[in-house]
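**Q** Reading the sequence shown from the start, the letters are residues 73 to 357 in our numbering. Built from N, CA and C at the ideal position, the CB exists for glycine as well. Following this message is one structure expressed as structure tokens.
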Amino acid sequence: MSNTHTPSSQYRQEKSYKHGSSAYYSYLFVSEDKRLVIENLYAFLHEVTDILYITSDSSVARIKLAWWKEEIDKLFHGKAEHPISQALMEAVKTYGLSQQYFLYIIESVEMDLSHNRYLDWTSLKNFCTMQSGAFACLITQVLSDTTETNIRFAQQMGIAVQFANLLRKLGEDAAQGRIYIPMDFLREHQLKAADILNGKYSDEFKAFMQAQGHRAHELFTEAFALYANLNKASKKELRPCIIRAKLSLKLLKAIEKDQWRVLDKGISLSPLSKLFTAAKVWLLG
Numbered sequence: 073m074s075n076t077h078t079p080s081s082q083y084r085q086e087k088s089y090k091h092g093s094s095a096y097y098s099y100l101f102v103s104e105d106k107r108l109v110i111e112n113l114y115a116f117l118h119e120v121t122d123i124l125y126i127t128s129d130s131s132v133a134r135i136k137l138a139w140w141k142e143e144i145d146k147l148f149h150g151k152a153e154h155p156i157s158q159a160l161m162e163a164v165k166t167y168g169l170s171q172q173y174f175l176y177i178i179e180s181v182e183m184d185l186s187h188n189r190y191l192d193w194t195s196l197k198n199f200c201t202m203q204s205g206a207f208a209c210l211i212t213q214v215l216s217d218t219t220e221t222n223i224r225f226a227q228q229m230g231i232a233v234q235f236a237n238l239l240r241k242l243g244e245d246a247a248q249g250r251i252y253i254p255m256d257f258l259r260e261h262q263l264k265a266a267d268i269l270n271g272k273y274s275d276e277f278k279a280f281m282q283a284q285g286h287r288a289h290e291l292f293t294e295a296f297a298l299y300a301n302l303n304k305a306s307k308k309e310l311r312p313c314i315i316r317a318k319l320s321l322k323l324l325k326a327i328e329k330d331q332w333r334v335l336d337k338g339i340s341l342s343p344l345s346k347l348f349t350a351a352k353v354w355l356l357g
């Protein structure tokens, strides 16, 4: 799997995770061949999910997503045309990547096009399962054996990471007119969608975010419990997933310490903090 610098490889790198990001540190210690595949998987994820934000016409966005469904079919028949899917052709065979997980990710963006609100946890969980859960399963297929227990862990960890990220990006998404946190969660705390869209802070908002933070911790606890039941080899191979989770939790704690001010500002971890967490998990498990 060559990483020769070409216009196509540069494009994939630009679409993949950035140097210094949480994803970068999560896979920092993975072997080069597997890390290259993971970078290409992230490029696919961003290429598809960005359609939601860079295409103002929903009908055009649906045409692009339909094209990607056809492209994934071509990928699994060894006839990929896009630079990103071409780069994944060898990985599909080497790691037995599942075509369905790619399609779930595309379908999750179609869900976003259909509505910019989620009424309840069931609908949001379904979205997270199809997007981040499916993506985590692809990563797991690269890192370890595709066993039922490994996939269950990956899916749950993907859901937890995405929900925590949705809390972090609440204001950023609101600026796009989107609210991912279920409407019934808002009603439980006497909040309205307009409160989020207008960046309104209040005691009710703080209580609401504390409740969502608690929910995020519960999701991670469920994922860690599944990880604890994996065999020794799988635990070692899937340490990058734990690094990703630990970084999400660390960022969640930083946001909580900042009084949940996610509507008008961004909070991030320092590179040194990320590196320390990644090295600690990699060395100590």
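Using CA coordinates, which residue listed in LEU137, LYS325, MET161 is at the minimum distance from LYS146?
**A** Closest by alpha carbon: MET161.
**Q** State the CB to CB distance for the pair ALA326 and ILE339, rounded to an integer number of angstroms; the pair is presumed to be in contact (CB under 8 Å).
**A** The pair is a contact, with the Cβ atoms about 5 Å apart (cut-off 8 Å).
**Q** Starting from ARG333, follow the alpha helix (DSSP H) in both directions and report where the run begins and ends.
**A** Where ARG333 is concerned, there is no enclosing alpha helix (DSSP H), given that its DSSP letter is neither H nor E.
**Q** When the Cα atoms are used, what is the spatial distance from ASN112 to ALA163?
**A** If I take the Cα positions, the gap works out to 10 Å.
**Q** In its own chain, which residues sit with a C-beta less than 7 Å from the C-beta of LEU347, not counting the 5 before and 5 after it?
**A** So the qualifying residues of the chain are TYR97.
**Q** Whose C-alpha, out of TYR176, ARG311, GLY150, is nearest the C-alpha of THR166?
**A** Of the listed residues, the one whose Cα sits closest to THR166 is GLY150.
**Q** Note down the Cα distance separating SER186 from LYS304, rounded to an integer number of angstroms.
**A** Using only the alpha carbons, I get a separation of about 42 Å.
**Q** Considering only C-alpha positions, which residue in the set GLU142, SER103, PRO155 is nearest to PHE116?
**A** Residue PRO155 is the option with its Cα nearest to PHE116.
**Q** Between LYS136 and ALA232, what straight-line distance do the alpha-carbon atoms span, to the nearest angstrom?
**A** Approximately 28 Å, taken between the alpha carbons.
**Q** Can you grab the Cα-Cα spacing for the pair LEU258 / GLU290, in whole Å?
**A** About 19 Å.
**Q** Could you please give the first and the last residue of the uninterrupted alpha helix (DSSP H) stretch that includes THR293?
**A** Segment 275-300, the alpha helix (DSSP H) holding THR293.
**Q** Please name the residue, chosen from ILE110, THR201, LEU191, SER88, that lies closest to GLN213 on a Cα-to-Cα basis.
**A** Per the Cα distances, ILE110.
**Q** Between TYR299 and ILE314, is the Cβ-Cβ spacing less than 8 Å?
**A** Yes; because the gap between Cβ atoms is below 8 Å, this pair is in contact.
**Q** For GLN172 and ILE144, what's the separation of their Cα atoms in angstroms?
**A** Roughly 9 Å between the two C-alpha positions.
**Q** Confirm, please, whether the CB-CB distance from HIS261 to ALA279 is below 8 Å.
**A** Their beta carbons are under 8 Å apart, which means ALA279 touches HIS261 by this criterion.
**Q** With C-beta atoms as the reference, is LEU341 less than 8 Å away from ALA288?
**A** For LEU341 and ALA288, no; Cβs fall outside 8 Å.
**Q** Tell me which same chain residues have a C-beta within less than 6 Å of the C-beta of ASP122, skipping the five on either side of it?
**A** There are no such residues.
**Q** Taking the beta carbon of ILE126 as the centre, do at least 16 other beta carbons fall within 10 Å, making it buried, or is it exposed?
**A** Exposed.
**Q** Give, in chain order, every unbroken run of the alpha helix (DSSP H) that is at least 4 residues long and sits entirely within the region 191-235.
**A** Counting only runs of 4 or more, we get 193-200, 206-215.
**Q** At the level of alpha carbons, what is the spacing between ARG224 and LEU242?
**A** Cα to Cα, the separation comes out at about 27 Å.
**Q** Find out if the Cβ-Cβ distance for the pair ALA226, ALA208 is shorter than 8 Å.
**A** It is a contact, given that the beta carbons lie within the stated cut-off.
**Q** Quick one: complete alpha helix (DSSP H) runs, 4+ long, within the region 102-128?
**A** Listed in chain order, the complete alpha helix (DSSP H) runs (minimum 4 residues) inside the region 102-128 are 104-121, 123-126.
**Q** Measure the alpha-carbon distance for VAL353 versus PHE174 and round it to whole angstroms.
**A** C-alpha separation (whole angstroms): 29 Å.
**Q** So, helix, strand or coil for ILE251, using DSSP?
**A** ILE251 falls in the strand class under three-state DSSP.
**Q** In angstroms with no decimal places, state the Cα-to-Cα distance between ASP217 and LYS272.
**A** Roughly 47 Å between the two C-alpha positions.
**Q** Please report the Cβ distance between TYR252 and TYR190, rounded to the nearest whole angstrom; I am assuming they are in contact, meaning their Cβ atoms lie under 8 Å.
**A** TYR252 to TYR190, Cβ: 6 Å. Contact.
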